[in-house]
Amino acid sequence: MTRTIAAVTVARSDYGIYRPILREIVGRDGLGLHLIVSGTHLLPDFGSTVSAVEADGFSIGDRVEMLLGSDSPEAIAKSMGLGAIGFAQAYARVRPDLLLIVGDRFEMHAAVVAALPFGIPVAHVHGGELSFGSLDDAFRHSITKLSHLHFVSTAAYARRVEQLGEEPWRITVSGAPGLDTLRTIQPLPAAEFFRRFGLTPMGDFLLVTCHPATFGQESVAGQFRELAAALEESGRPVLFTMPNADTGGRELRVLIHAYVAAHPSAQAVENLGSEGYATALGLAAAMVGNSSSGIVEAASFALPVVNVGNRQDGRVRGANVIDCAARRDAISAALTRALDPAFRAGLAGVPNPYGDGSAAVCIVDRLAAENLGEALLLKRFHDLEGTR
Numbered sequence: 125m126t127r128t129i130a131a132v133t134v135a136r137s138d139y140g141i142y143r144p145i146l147r148e149i150v151g152r153d154g155l156g157l158h159l160i161v162s163g164t165h166l167l168p169d170f171g172s173t174v175s176a177v178e179a180d181g182f183s184i185g186d187r188v189e190m191l192l193g194s195d196s197p198e199a200i201a202k203s204m205g206l207g208a209i210g211f212a213q214a215y216a217r218v219r220p221d222l223l224l225i226v227g228d229r230f231e232m233h234a235a236v237v238a239a240l241p242f243g244i245p246v247a248h249v250h251g252g253e254l255s256f257g258s259l260d261d262a263f264r265h266s267i268t269k270l271s272h273l274h275f276v277s278t279a280a281y282a283r284r285v286e287q288l289g290e291e292p293w294r295i296t297v298s299g300a301p302g303l304d305t306l307r308t309i310q311p312l313p314a315a316e317f318f319r320r321f322g323l324t325p326m327g328d329f330l331l332v333t334c335h336p337a338t339f340g341q342e343s344v345a346g347q348f349r350e351l352a353a354a355l356e357e358s359g360r361p362v363l364f365t366m367p368n369a370d371t372g373g374r375e376l377r378v379l380i381h382a383y384v385a386a387h388p389s390a391q392a393v394e395n396l397g398s399e400g401y402a403t404a405l406g407l408a409a410a411m412v413g414n415s416s417s418g419i420v421e422a423a424s425f426a427l428p429v430v431n432v433g434n435r436q437d438g439r440v441r442g443a444n445v446i447d448c449a450a451r452r453d454a455i456s457a458a459l460t461r462a463l464d465p466a467f468r469a470g471l472a473g474v475p476n477p478y479g480d481g482s483a484a485v486c487i488v489d490r491l492a493a494e495n496l497g498e499a500l501l502l503k504r505f506h507d508l509e510g511t512r
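Per our numbering, the sequence shown starts with residue 125, numbered consecutively.
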């Protein structure tokens, strides 16, 4: 009998993580994939990245439109409600045996909340992590408590999931599945990369990926002003990728486009996709910003990363990451260090703490073998030693 696994993808960022898992599911006898696409995948303003999912040959089972045309707190809260309705309709029609979720997005949280009344067991990838500079922490830990199986990227995150009261037998240290994609991607030749994305060729550029920090930070404009001043001071060409749909994301997009318009050596691209992004990581002189890709994926390229602000505080990081405050002088000092040839040379052969690119097989092995009965659904709170 075929076990149907529903997987929800809501943005280009989680799809890059999902892709090797989805391919592994599709290739397994006895497993069926029902792919639910939602979030910014369906928005033209964010590149309509559902086309990338289709181009990879995946059949889309449901499209759940949930995002309103604003990123205000009220709009996001309402979008979560719309998402819960749409996901509930999909589950009622399909009745999947298992729901697979990645990460910490508010769209993912809506998908998990909607699954709870149906008694659908939830498998969560990338739990136990921290991101102090955003609301993602609250969504991530809430998803952990609503999930029944946990696939974490490091042993440190496994301990944190256990701290949240999850029983150890539910937790698997799989590594980060995004690294599976990097292991199999053939980077584009530089000339083809620039041609494909309509970019003017540039050498030794800074790859800038930044998202609005949604908690405990100054204004989006204030944060970007400090970053922009440091980028100008570096004198390097800059390639921006565009931010997510969090509160402040649309404002940040306007600021990025204004910077590009005022600086001939700066360019921006909406979405590079997995192949393009991996190529950019290989071509860049350094990465700058506050994206988790700088923490997780960049280490596999021995790429220096200037991690700005506290959005990624609490995440395990490799030797390639240089943390700095969100101030012009601090960013400039970190960039000077990152661009020192001796610093990059010292990164050669340093392992990525997030694994070796074999996570998908580990994850799908357990999804295929797990008993989905009452023992999985009825959760007991696991007390740590000394707290009973």
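Think of the CB as a built atom: it goes at the ideal place given N, C-alpha and C, for glycine as much as any other residue.
Drop a sphere of 10 angstroms on the beta-carbon of ASN495, count the other beta-carbons inside from all chains shown, and report buried for 16 or more, exposed for fewer. Locating residue 495 in the sequence shown gives position 371, counting from the first residue. Label assigned to ASN495: exposed.
Give a yes or no on whether 8 Å exceeds the smallest Cβ distance from THR164 to chain D. Included in the structure is just one protein chain, with no chain D present.
Is DSSP giving THR173 helix, strand or coil here? As a working note, residue 173 is residue 49 in the sequence shown. DSSP places THR173 in coil when its eight states are reduced to three.
Please report the distance separating the alpha-carbon of GLY470 from that of GLY346. On the sequence shown, position 346 is the one that residue 470 refers to. On the sequence shown, position 222 is the one that residue 346 refers to. Their Cα atoms are separated by approximately 34 Å.
Straight-line Cα distance separating ARG461 from VAL430: Here residue 430 refers to the residue found at position 306 when the sequence shown is read from its first residue. Here residue 461 refers to the residue found at position 337 when the sequence shown is read from its first residue. One C-alpha to the other measures close to 9 Å.
Close-in-space but distant-in-sequence residues of the same chain around ALA238 (CB under 7 Å, 5 per side omitted): Stepping through the sequence shown from its first residue, residue 238 is reached at position 114. So the list reads ALA208, PHE211, ALA212, TYR215, once near-sequence residues are dropped.
Determine the contact status of THR82 and TYR142, defining contact as a CB-CB distance below 8 Å. The structure shown has nothing for residue 82, since the chain only spans 125 to 512.
Express the C-alpha separation of ASP437 and VAL488 in angstroms, rounding to a whole number. Reading the sequence shown from its first residue, position 364 is the one you call residue 488. Reading the sequence shown from its first residue, position 313 is the one you call residue 437. Between VAL488 and ASP437, the C-alpha separation is close to 30 Å.
Within 10 angstroms of its Cβ, does PRO361 collect 16 or more other Cβ (buried), or is it exposed? Translated into the one-based positions of the sequence shown, residue 361 becomes position 237. Buried, because 16 or more other Cβ atoms sit within 10 Å of the Cβ of PRO361.
I need the straight-line Cα distance from PHE364 to LEU155, nearest angstrom please. Stepping through the sequence shown from its first residue, residue 364 is reached at position 240. Stepping through the sequence shown from its first residue, residue 155 is reached at position 31. Going from the Cα of PHE364 to the Cα of LEU155 covers about 39 Å.
Along the chain, where does the alpha helix (DSSP H) that runs through ARG127 open and close? Start at 1 with the first residue of the sequence shown, and residue 127 comes out as number 3. No alpha helix (DSSP H) contains ARG127, which is instead part of the beta strand (DSSP E) from 127-133.
How far does the beta strand (DSSP E) with LEU222 in it reach, from first residue to last? Within the sequence shown, numbered from 1, the residue matching residue 222 stands at position 98. From DSSP, the beta strand (DSSP E) with LEU222 extends over 222-226.
LEU405 - DSSP class collapsed to helix/strand/coil: In the sequence shown, counting from the first residue as 1, residue 405 sits at position 281. In this structure, LEU405 counts as helix in the three-state DSSP scheme.
Taking just the CA atoms, how far does LEU191 sit from SER203? Along the sequence shown, read from residue 1 onward, the residue named residue 203 stands at position 79. Along the sequence shown, read from residue 1 onward, the residue named residue 191 stands at position 67. So the two alpha carbons sit approximately 5 Å from each other.
Between which two residues does the alpha helix (DSSP H) harbouring LEU146 extend? Position 22 of the sequence shown holds residue 146. 136-150 is the span of the alpha helix (DSSP H), which, as asked, contains LEU146.
DSSP state of THR365 mapped onto helix, strand, coil: To locate residue 365, count along the sequence shown from 1; it is residue 241. Strand at THR365.
Does DSSP put HIS248 in a helix, in a strand, or in coil? Residue 248 sits at position 124 when you count from the first residue of the sequence shown. The answer is strand: DSSP assigns HIS248 an E or B state.
Classify SER416 as helix, strand or coil using the three-state DSSP reduction. Taking the first residue of the sequence shown as 1, we reach residue 416 at position 292. SER416: helix per DSSP, three-state reduction.
How close, in whole Å, do the beta carbons of LEU240 and LEU270 come, if the pair is a contact with beta carbons under 8 Å? On the sequence shown, residue 240 is found 116 positions in, with the first residue counted as 1. On the sequence shown, residue 270 is found 146 positions in, with the first residue counted as 1. That pair is a contact at about 6 Å.
For GLY400, three-class secondary structure by DSSP: Within the sequence shown, the letter at position 276 stands for residue 400. In the structure shown, GLY400 sits in a helix (DSSP, three-state: H, G or I).
Name, in chain order, the residues that DSSP records as bridge partners for GLN391. Counting from 1 along the sequence shown, the entry for residue 391 is found at position 267. Answer by DSSP bridge pairing, in chain order: LEU363.
Buried or exposed by the 16-neighbour rule on C-beta atoms within 10 Å, applied to LEU324: The residue you call residue 324 lines up with position 200 of the sequence shown. Inspection of the sequence shows that residue 324 is occupied by Thr rather than by Leu. Under this definition THR324 is an exposed residue.
Ordered along the chain, which non-local residues of its own chain (more than five positions away) have a Cβ less than 8 Å from that of SER358? To locate residue 358, count along the sequence shown from 1; it is residue 234. Cβ within range, chain order: LEU330, SER456, LEU459, LEU463.
Three or more beta-carbon pairs under 8 Å between the region 163-178 and the region 367-380, yes or no? yes
Note the first and the last residue of the continuous alpha helix (DSSP H) segment covering VAL474. In the sequence shown, residue 474 corresponds to position 350, counting from 1. Taken as a continuous stretch (DSSP letters only), VAL474 belongs to no alpha helix (DSSP H), as it is neither H nor E.
Residue ranges of each alpha helix (DSSP H) within the region 409-463, 4 or longer: 416-420, 452-462
Once you ignore the five residues that flank ALA450 on each side, which residues in its own chain have a CB closer than 6 Å to its CB? What you label residue 450 is simply residue 326 of the sequence shown in a count that begins at 1. Hits under 6 Å: GLN347, GLU350, VAL432, GLY433.
Taking only the alpha-carbon atoms, compute the straight-line gap between ALA300 and SER137 and give it to the nearest angstrom. Translated into the one-based positions of the sequence shown, residue 300 becomes position 176. Translated into the one-based positions of the sequence shown, residue 137 becomes position 13. Rounded to the nearest angstrom, the two C-alpha atoms are 13 Å apart.
Is it buried or exposed for LEU502, if we count other Cβ within 10 angstroms and need 16 for buried? In the sequence shown, the residue the question calls residue 502 occupies position 378. Exposed, since its Cβ has fewer than 16 Cβ neighbours within 10 Å.
For the region 262-348, which segments carrying the alpha helix (DSSP H) assignment without a break, of at least 4 residues, lie completely within its bounds, in sequence order? 279-287, 302-308, 314-320
In three-state DSSP terms, what is ARG187? Here residue 187 refers to the residue found at position 63 of the sequence shown. In the structure shown, ARG187 sits in a strand (DSSP, three-state: E or B).
Cut-off 8 Å between Cβ atoms - residues of its own chain near GLU178, not counting five sequence neighbours on either side: Numbered from 1 along the sequence shown, position 54 holds the residue referred to as residue 178. Excluding residues within five positions, the ones whose Cβ falls inside 8 Å are ILE184.
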